[in-house]
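Q: Under numbering that gives the first Met the number 0, residues 0 to 442 are what the sequence shown spells out, in order.
Ideal Cβ placement from N, Cα and C applies to all residues, glycine included.
First the structure, then my questions, so here it is.
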Amino acid sequence: MKTKLILFVALISSIATFSQKKWTLKECVDQALEKNITIQQNKLSLEIAETDLKSTKGNFLPSVSASTGGNLSAGSNFDPVTNNRSASTTFFGGSVGLSAGITVFNGYRNLNLYKQAKLGIESSKLDLEKIENDISLFVVNGYLNVLFAKENLEVAKVQAEISKKQIKAANDRFEAGAIAKGELLNFKSTAANDLQNVITQENALDLALLNLAQLLQVPAEGFDVAPIDVGSPSSDLLYKSSSSVYDKSLARMPEIQRAKLAIENAALGIEISKSSYLPTVTSSIFANSNYRYIIKPSGVPTGSFFDQLDGNLGYGVGFNVNIPIFNGFKTDANVSRSKINKEIFETRLESEKLTLKQTIEQAFLDVKSSLKAYEAAKISLEAQKEAFKNAQERYNYGAMTLFDFDLVRTRLVNAEGLMIRSKYDYVFKTKVLQFYSGELVLE
Numbered sequence: 000m001k002t003k004l005i006l007f008v009a010l011i012s013s014i015a016t017f018s019q020k021k022w023t024l025k026e027c028v029d030q031a032l033e034k035n036i037t038i039q040q041n042k043l044s045l046e047i048a049e050t051d052l053k054s055t056k057g058n059f060l061p062s063v064s065a066s067t068g069g070n071l072s073a074g075s076n077f078d079p080v081t082n083n084r085s086a087s088t089t090f091f092g093g094s095v096g097l098s099a100g101i102t103v104f105n106g107y108r109n110l111n112l113y114k115q116a117k118l119g120i121e122s123s124k125l126d127l128e129k130i131e132n133d134i135s136l137f138v139v140n141g142y143l144n145v146l147f148a149k150e151n152l153e154v155a156k157v158q159a160e161i162s163k164k165q166i167k168a169a170n171d172r173f174e175a176g177a178i179a180k181g182e183l184l185n186f187k188s189t190a191a192n193d194l195q196n197v198i199t200q201e202n203a204l205d206l207a208l209l210n211l212a213q214l215l216q217v218p219a220e221g222f223d224v225a226p227i228d229v230g231s232p233s234s235d236l237l238y239k240s241s242s243s244v245y246d247k248s249l250a251r252m253p254e255i256q257r258a259k260l261a262i263e264n265a266a267l268g269i270e271i272s273k274s275s276y277l278p279t280v281t282s283s284i285f286a287n288s289n290y291r292y293i294i295k296p297s298g299v300p301t302g303s304f305f306d307q308l309d310g311n312l313g314y315g316v317g318f319n320v321n322i323p324i325f326n327g328f329k330t331d332a333n334v335s336r337s338k339i340n341k342e343i344f345e346t347r348l349e350s351e352k353l354t355l356k357q358t359i360e361q362a363f364l365d366v367k368s369s370l371k372a373y374e375a376a377k378i379s380l381e382a383q384k385e386a387f388k389n390a391q392e393r394y395n396y397g398a399m400t401l402f403d404f405d406l407v408r409t410r411l412v413n414a415e416g417l418m419i420r421s422k423y424d425y426v427f428k429t430k431v432l433q434f435y436s437g438e439l440v441l442e
C-alpha cells in the first residue's frame, strides 16, 4: 500500500512538473520532429531504401540451392528366354543435389543497380530533411503566434487597467459635479469593452497554445512556452539582396539536391537499358548423387546410404553466354525512354531552382515590406502615445469631449495592436530568410 502511494505521488508530481514546464523553441522543434507521423513514415521509407541496397548487393553473390527427391516403385519383370516372370519387387530410391550459379557479366547492370540503390538512400534522406524543414518552420510560426498572442493580451490588460482607473477618476469628478452621469456611464462602457477585449485575447492565446500543442502532439492542458527576447528588431536588413540568399540556399536546400540525384539516377537508368545490348555470361557448378533400396521381397539393400551416394556421385561445371541479336527494337525503345526520362529530370531541376529563386525573392520582398510596416507602426505608436497623453490632459481640464477623447484612445489601442502584429510579422519573415540561407538558430 505504501509503495502504491509513493508511485501515485510520483505520478502526480511528474504531471505537475510537465504542466509547469515552459517549452523553449528548440524543444518544441525537437518534439515535433520526433512525433510527427509524416516524418516517421519517411524514416520507414529510408529503411526500405536501405533494404533495397542490401538486395542489390546480393546480385554480386552466387545463388546456391540444394535439391532432393525420392520415389517408390513396385512390379515384376518378364524374362522372354525362360518365359518366366520374376517375383514382384518394391524399390525405394532417390537423389540429392547441390548447385551454385553466378552472373559473371551482364553489361554492368548489377553494378548500376547497386549505384541506383545508393542514390535511393540519399534521396530518401533528402526527402526526410525537406519534411523536417517544413515542420520546423511550422513550429517557429506557431511559437511566434503564441508570443504574439501573449503580448496582445498584456496590452489588453494594461488598457483594461487604465479604464478601471479612469472610472475611479470619473466617479470622483461625477460626485464633485464636474461631469454628467452620462460621461461616467461612457467610461464604464469603455471599461466593459476593454474587459471583453481581455477575454478575447485570452481566447486567442488559448487557441495559439492549442495549435502548437497539437503540432507537438503533447497535452494542451498546462502547456506553455518560454519567452523569447524579441525586443525591438533591427531596422537594418540582414541581407542586401535576395540573390545572396539564393546562392547560399542552392548548396543546402534538400529539394535541389534531391533533383540533382534524380538526374544521376536517370543517367544510371540509361546505362541499365544499354546493358541489354551486351552479352550475359553466367557460370555454374553442380554435384549430385542417388541411392536405391529393395524393400520387397528380400529387403536386401543394394549398399549403405553413404556408400551409394559416394558411388553414384557426379559433378561438373558449366557456363552460359547469351548474346542478344534482335528483340523487336525493345532495347532501343527502353534506351530512348531512359534518355527522355533524364531530360525530364533535368527540366525538373531547373524548375526547382526557379521555384526556389521565386520563393526567396518573395520572402525578401516580404521582409522589406514588413520592415517598412514595422517602422511606420513604431512612428505611429509614438505619435499616438503623445496624442493620448495630450488628450488626457485636455479632457481633465474640460477642453475635450469624451467622444473625442475616446477616439484618441481607440487610435492608441489600434496603434499598439498594429505595432505588435508588424513586429512579429517582421521577425517571422526574417527567420524565413535565415532558414533559406542556413543561418536560422533555434534557441
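#1: Please list, in chain order, all residues of the same chain as asparagine 105 whose beta carbon is under 7 angstroms from its beta carbon, the five residues on each side excluded.
#2: Would you report the Cα separation of phenylalanine 59 and alanine 48, rounded to the nearest angstrom?
#3: Thinking just about the alpha-carbon of each residue, which of Leu417, Ser335, Arg347, Ile322 is nearest to the one in serine 369?
#4: Determine the burial state of isoleucine 378: buried for a count of at least 16 other Cβ atoms within 10 Å of its Cβ, exposed for fewer.
#5: Exposed or buried, glutamate 392, counting other C-beta atoms within 10 Å across all chains shown (16 or more means buried)?
#6: What ranges does the beta strand (DSSP E) occupy inside the region 86-119, keeping only unbroken runs of at least 3 residues that lie completely in it?
#7: Once DSSP output is grouped into helix, strand and coil, what is the label at glycine 310?
#8: Mind listing, in chain order, the continuous beta strand (DSSP E) runs of no fewer than 3 residues lying wholly within the region 320-375?
#9: Between which two residues does the beta strand (DSSP E) carrying serine 62 extend?
#10: Excluding the 5 residues preceding and the 5 following leucine 143 in the sequence, name in chain order all residues of the same chain whose CB lies nearer than 6 angstroms to its CB.
#11: Can you tell which of Tyr314, Thr429, Phe387, Lys430 has the C-alpha that lies nearest to the C-alpha of asparagine 413?
#12: With a threshold of 16 other CB atoms inside 10 Å of the CB of isoleucine 269, please say whether the residue is buried or exposed.
#13: Whole-angstrom Cβ separation of serine 282 and valine 103, contact assumed at under 8 angstroms?
#14: On the DSSP bridge assignment, give the partners of asparagine 287 in chain order.
#15: Which two residues bound the contiguous alpha helix (DSSP H) that contains aspartate 424?
#16: Using C-beta distances below 7 angstroms, list every residue in its chain close to lysine 247, excluding the 5 sequence neighbours before and after it, in chain order.
#17: Tell me whether lysine 187 sits in a helix, a strand or coil according to DSSP, three-state version.
#18: If we ignore side chains and look at the alpha-carbon of each, how far apart do alanine 159 and threonine 189 end up?
#19: Evaluate phenylalanine 328 with the Cβ neighbour count: other Cβ atoms within 10 Å of its Cβ, from every protein chain shown; 16 or more gives buried, anything less gives exposed.
#20: Under a three-way DSSP split, which group does phenylalanine 222 fall into?
#21: Whole angstroms is fine: what's the gap from proline 253's alpha carbon to glutamate 128's?
#22: If we ignore side chains and look at the alpha-carbon of each, how far apart do leucine 477 and lysine 117 end up?
#23: Less than 9 angstroms between the C-beta atoms of leucine 209 and glutamine 30, yes or no?
#24: Give me whichever residues DSSP pairs with isoleucine 484 in a beta bridge.
#25: Starting from threonine 37, follow the alpha helix (DSSP H) in both directions and report where the run begins and ends.
#26: Going by DSSP, what residues sit across from threonine 279 in a beta bridge?
A: On the basis of the data shown:
#1: Along the sequence shown, read from residue 1 onward, the residue named residue 105 stands at position 106. These residues qualify, in order along the chain: Ser274, Thr279.
#2: Here residue 59 refers to the residue found at position 60 of the sequence shown. Here residue 48 refers to the residue found at position 49 of the sequence shown. Rounded to the nearest angstrom, the two C-alpha atoms are 18 angstroms apart.
#3: Working through the sequence shown from its first residue, we reach residue 369 at position 370. Nearest of Leu417, Ser335, Arg347, Ile322 to serine 369, Cα basis: Leu417.
#4: Along the sequence shown, read from residue 1 onward, the residue named residue 378 stands at position 379. Classification for isoleucine 378: exposed.
#5: Within the sequence shown, numbered from 1, the residue matching residue 392 stands at position 393. Classification for glutamate 392: exposed.
#6: 88-104
#7: Counting from 1 along the sequence shown, the entry for residue 310 is found at position 311. Three-state result, glycine 310: helix.
#8: Complete beta strand (DSSP E) runs here, min 3: none at all.
#9: The count along the sequence shown starts at 1 and reaches residue 62 at position 63. Its beta strand (DSSP E) spans residues 62-74.
#10: The residue labelled residue 143 in the question sits at position 144 within the sequence shown. These residues qualify, in order along the chain: Tyr423, Phe427.
#11: If you number the sequence shown from 1, residue 413 lands on position 414. Nearest C-alpha to asparagine 413: Phe387.
#12: Here residue 269 is taken as the residue at index 270 of the sequence shown, counted from 1. The residue in question, isoleucine 269, is buried, as its Cβ has 16 or more Cβ neighbours within 10 Å.
#13: Translated into positions along the sequence shown, residue 282 becomes position 283. Translated into positions along the sequence shown, residue 103 becomes position 104. Rounded, the Cβ-Cβ distance is 6 angstroms, consistent with contact.
#14: Stepping through the sequence shown from its first residue, residue 287 is reached at position 288. Looking at the DSSP assignment, asparagine 287 forms a beta bridge with Gly96, Gly313.
#15: For the purposes of this step, residue 424 is identified with residue 425 of the sequence shown, where counting begins at 1. For aspartate 424, the enclosing alpha helix (DSSP H) starts and ends at 401-436.
#16: Position 248 of the sequence shown, counted from the first residue, corresponds to residue 247. Setting aside the 5 residues that flank it on each side, lysine 247 is surrounded in the same chain by Ser436, Gly437, each with a C-beta closer than 7 angstroms to its C-beta; the list follows chain order.
#17: One-based indexing of the sequence shown puts residue 187 at position 188. Residue state, collapsed to three classes: helix.
#18: The residue given as residue 159 occupies position 160 in the sequence shown. The residue given as residue 189 occupies position 190 in the sequence shown. When rounded, the distance between both Cα atoms is 9 angstroms.
#19: Locating residue 328 in the sequence shown gives position 329, where the first residue counts as 1. Exposed is the call here.
#20: As a working mapping, residue 222 is identified with position 223 in the sequence shown. If DSSP states are grouped into helix, strand and coil, phenylalanine 222 belongs with coil.
#21: Within the sequence shown, residue 253 is the residue found at index 254, counting from 1. Within the sequence shown, residue 128 is the residue found at index 129, counting from 1. Cα to Cα, the separation comes out at about 6 angstroms.
#22: Coverage of the chain is limited to positions 0 through 442, which leaves residue 477 absent and any answer about it impossible.
#23: If you number the sequence shown from 1, residue 209 lands on position 210. If you number the sequence shown from 1, residue 30 lands on position 31. Contact flag unset, no.
#24: Outside the shown range of the chain, which is 0 to 442, sits residue 484, and nothing can be said about it.
#25: For this step, residue 37 is matched to residue 38 along the sequence shown. Here the alpha helix (DSSP H) through threonine 37 covers 36-56.
#26: Residue 279 sits at position 280 when you count from the first residue of the sequence shown. Asn321.
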